[in-house]
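2 protein chains.
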Amino acid sequence: MDIIRVAVDAMGGDHAPEAPVRGAIEAVTENEQLRIILLGDEPAIRSIIGTLHYPEDRVTVQHCTERIEMAEPPVAAIQKKKDSSIVRGMMMLRRGEADAFVSAGSTGAVLVGGQVLVGRIRGVERPPLGALMPTEKGMSLLIDCGANVDARPAWLLQFAEMGSIYVEHALGIPHPTVGILNIGAEEEKGNALVKETIPLLKECGSINFIGSVEARDIPAGAADVIVTDAFSGNIVMKMYEGTATTIYRIAKNGLKKSVPGMLGGLLAKGTLKKALKDFDASKYGGAPLLGLKGLVVKAHGSSQDTEFRIAVNQCGIFYRENINGLIKERMEAESAKIRALKQNGN
Amino acid sequence: MDIIRVAVDAMGGDHAPEAPVRGAIEAVTENEQLRIILLGDEPAIRSIIGTLHYPEDRVTVQHCTERIEMAEPPVAAIQKKKDSSIVRGMMMLRRGEADAFVSAGSTGAVLVGGQVLVGRIRGVERPPLGALMPTEKGMSLLIDCGANVDARPAWLLQFAEMGSIYVEHALGIPHPTVGILNIGAEEEKGNALVKETIPLLKECGSINFIGSVEARDIPAGAADVIVTDAFSGNIVMKMYEGTATTIYRIAKNGLKKSVPGMLGGLLAKGTLKKALKDFDASKYGGAPLLGLKGLVVKAHGSSQDTEFRIAVNQCGIFYRENINGLIKERMEAESAKIRALKQNGN
């Protein structure tokens, strides 16, 4: 049995260090294949794990003297804070001392660190952040949801390819459908980026492209993989979150207003809450940054123990299914095709 | 008392001709200042109004022999179908035979017709479509939500100015707050368009700019006017719609599942439905296409009688408050400023 080494940023997120440490300990306890390295303030980490039962031979703590704050400019932070948990985790990936790194810290620092310190798989133009969104049918991978705001058609094509590999192998959905986020189903609809990307997606033999997907149809589960630039992807994610939160608040207040409503509210509140919870993006743990030489998973800033546990377990699946090996093969096949086309004078 | 002449496309939308005709008749019956012109298939229109009581002296029917279908390429449709209700309505605006035109037909045809047939107010670069979105606090104007997918910073600046005038005078909100849709609050966040637009909005003395607004905060009512390009604006609108619909379906099914949930569901369903309905974008009638020489209002394709009634009444307010006069003044002041800057050698 292969051992999978996951480095965990104990200092990132709103509930650090408790949530990342406890979540990682839960994951390593339930999954024998994992070994975890907790990065951060050692006394703080020790005081949390001191109260827990866990497989001590598979848990290491590495003390870091620095911490990257959420508001810090990412490039400068990565350059200066060499002893922060984020830089240390990325360097472990780079040197092959860890197979994956999970952080709920500054998104900017994680993205920059991934690109600069871990490095891209040969042939990958830009690593996208892919988030799993809950839908009525199950879930969809929204890619890119955070890394490349001004994207190019060739990048979006690669997002579609890497996203398909991830969904097929990490989630076990054979021949996942791929849609491009657009403002209508008709051919002539879209902005310049979308119009130029559609022909590339149509021609790509290795994905199951089904055409344009409107934002309205995402919550119902319009496609397994939804390709977009990070600006639009961020809007989709945040609208999902904001609308769900507001509706829940409105419905709860509405239920209180009338007497039958109030009675019904008391009875139904738990059920309603549960139903909406199934629809909560956070339960899917983390967003993988695809196309890097090692796996980097960005967990949501508000992640609790459970989300960290899921994110660490995701790393296990990613590694076991050899997602990066498959991405590498795909990129190599692609560049071989381009070379062949060039030789044939096309 | 000024008479306001509103031309209504009786052939546009999922529920045409019944919904536009009935909605327009309701509006003209309750508002003495209105005169309406119903454009479309005369026998069909007559058979609907024949059963209604209404002020006959303020309702005219004009027969149109053609109809623009939803799937038709807009430019060709506008050029060819001169006797369609959309082209006829636009031409009435152009010739000063009507003050406003309401249509729930093809968005593309309405946008193209507005630009080509009605024409822009001098100085307006691109007319944006501004949609009113319900929020927890009341409503926000999302502008542009449908007209200009690949926008420029100078256009977005004008969207902010025109949107502010509309919200202040049509909705009666003094000094409306203006936010730009962005993926974070920090200065360095955003795509190229947003980063270039922010300084223009900051410098603009005639608007109350409050900075970046994240999509997550829109449903709670983050700003009175939310400026964006039409691609992103469309995503916001459609995510709102899709998420609300899906959550309602999930919650309803969730309420059915357990026994206390079922009892509660029976009691609370009406209240929950009502609460969510307050949050339904359709009740705000139509989206004004701002910056044209006459008022064009695009109603949602799914509009029912009520939405048409509201859209026709909106035209009354728009006209009474002299929104176009105010937009004209603003554009003239702006070009005077640019001329002065040029003369001073800047």
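The listed protein sequences derive, respectively, from chains E and B. The C-terminal position of the first sequence is numbered 358 in the working numbering, with every residue numbered one higher than the one before it. The C-terminal position of the second sequence is numbered 358 in the working numbering, with every residue numbered one higher than the one before it. For each residue, glycine too, the CB sits at the ideal point set by N, CA and C. As the structure is a computational prediction, the values presented were derived from the model and not from experiment.
query: Give the residues of chain E in contact with ALA204(B), contact being defined as C-beta atoms less than 7 Å apart.; result: ASP162
query: Are the segment 21-37 of chain B and the segment 313-324 of chain B in contact at 8 Å, needing three or more beta carbon pairs?; result: yes
query: Let me confirm a value: THR209(E) is counted as buried when at least 16 other C-beta atoms fall within 10 Å, else exposed. Which label applies?; result: buried
query: Under 8 Å Cβ to Cβ from ALA242(E), same chain only, skipping five residues before and after it: list those, please.; result: PRO140, LEU141, ASP156, CYS157, GLY158, ALA159, ASN160, VAL161, ALA163
query: Once DSSP output is grouped into helix, strand and coil, what is the label at LEU316(E)?; result: It should be noted that the sequence gives Gln, not Leu, for residue 316(E). It is coil, neither helix nor strand.
query: What does SER244(E) reach in chain B if we use C-beta pairs closer than 8 Å?; result: PHE243, SER244, ILE247
query: What is the residue span of the alpha helix (DSSP H) that MET151(B) lies within?; result: That residue, MET151(B), is in no alpha helix (DSSP H); its beta strand (DSSP E) goes 151-155.
query: Taking C-beta pairs closer than 7 Å, name the residues in chain E that ARG228(B) reaches, listed in chain order.; result: LYS250, GLU253, GLY254
query: Residues of chain E with CB closer than 8 Å to the CB of ALA83(B), please, in chain order.; result: GLU198
query: With a cut-off of 7 Å, does the C-beta of ILE98(E) fall near any C-beta of chain B?; result: no
query: Can you confirm whether ILE155(B), when its beta carbon is compared against all beta carbons of chain E, has any partner nearer than 7 Å?; result: no
query: Assuming VAL114(B) contacts ASP21(B) under a Cβ cut-off of 8 Å, what Cβ separation, rounded to an integer in Å, is found between them?; result: 7 Å
query: At a Cβ threshold of 7 Å, is ILE195(E) touching chain B?; result: yes
query: Within 10 angstroms of the Cβ of LEU168(B), are there 16 or more other Cβ atoms? Answer buried if so, exposed if not.; result: buried
query: Measure the CB-CB distance between GLN316(B) and HIS27(B) and report whether it falls below 7 Å.; result: yes
query: For ALA127(B), count the other beta carbons within 10 Å of its own beta carbon; 16 or more makes it buried, fewer makes it exposed. Which is it?; result: Correcting the residue identity first, residue 127(B) is Gln in this sequence and not Ala. That one is buried.
query: Use the C-beta contact count for ILE118(E): other C-beta atoms within 10 angstroms, 16 or more gives buried, fewer gives exposed.; result: Checking the displayed sequence, the identity of residue 118(E) turns out to be Ser instead of Ile. Counting Cβ neighbours within 10 Å, SER118(E) comes out buried, since at least 16 surround it.
query: Measure the Cβ-Cβ separation of ALA172(B) and LEU213(B) and say whether it is below 7 Å.; result: yes
query: Measure the C-alpha to C-alpha separation of MET104(E) and ALA19(E) and round it to an integer number of angstroms.; result: 8 Å
query: Alpha carbons only, please: which of ARG58(E), ALA83(E), ARG47(E), GLN45(E) is nearest the one belonging to GLY25(E)?; result: ALA83(E)
query: Where DSSP assigns a beta bridge to LYS310(B), which residues make up the other side?; result: SER115(B), ALA299(B)
query: Starting from the C-beta of ILE133(B), find all residues in its chain whose C-beta is less than 8 Å away, skip the five residues before and the five after it, and write them out in chain order.; result: GLY303, LEU304, LYS305, ASN336, ILE339, LYS340, MET343
query: How about GLY196(B): is its C-beta nearer than 7 Å to some C-beta of chain C?; result: Judged by its chain identifiers, the structure shown contains no chain C, and its protein chains are E and B.
query: Quick check on the burial criterion: 16 or more other C-beta atoms within 10 angstroms. Buried or exposed for ILE350(E)?; result: exposed
query: Does DSSP classify MET145(E) as helix, strand or coil?; result: strand
query: CB of ALA234(B) to nearest heavy atom of the ligand NAD: below 6 Å?; result: Judged by which ligands are present, the structure shown has none, so any question about the ligand NAD falls away.
query: Between which two residues does the alpha helix (DSSP H) harbouring HIS181(E) extend?; result: 165-182
query: Please classify ASN356(E): is it buried, with 16 or more other beta-carbons within 10 angstroms of its beta-carbon, or exposed?; result: exposed
query: Pairs of beta-carbons, one from the segment 239-258 of chain B and one from the segment 227-244 of chain E, closer than 8 Å: are there three or more?; result: yes
query: Beta strand (DSSP E) containing SER224(E): first to last residue?; result: 220-226
query: Please report the Cβ distance between ARG70(E) and ILE98(E), rounded to the nearest whole angstrom; I am assuming they are in contact, meaning their Cβ atoms lie under 8 Å.; result: ARG70(E) to ILE98(E), Cβ: 23 Å. No contact.
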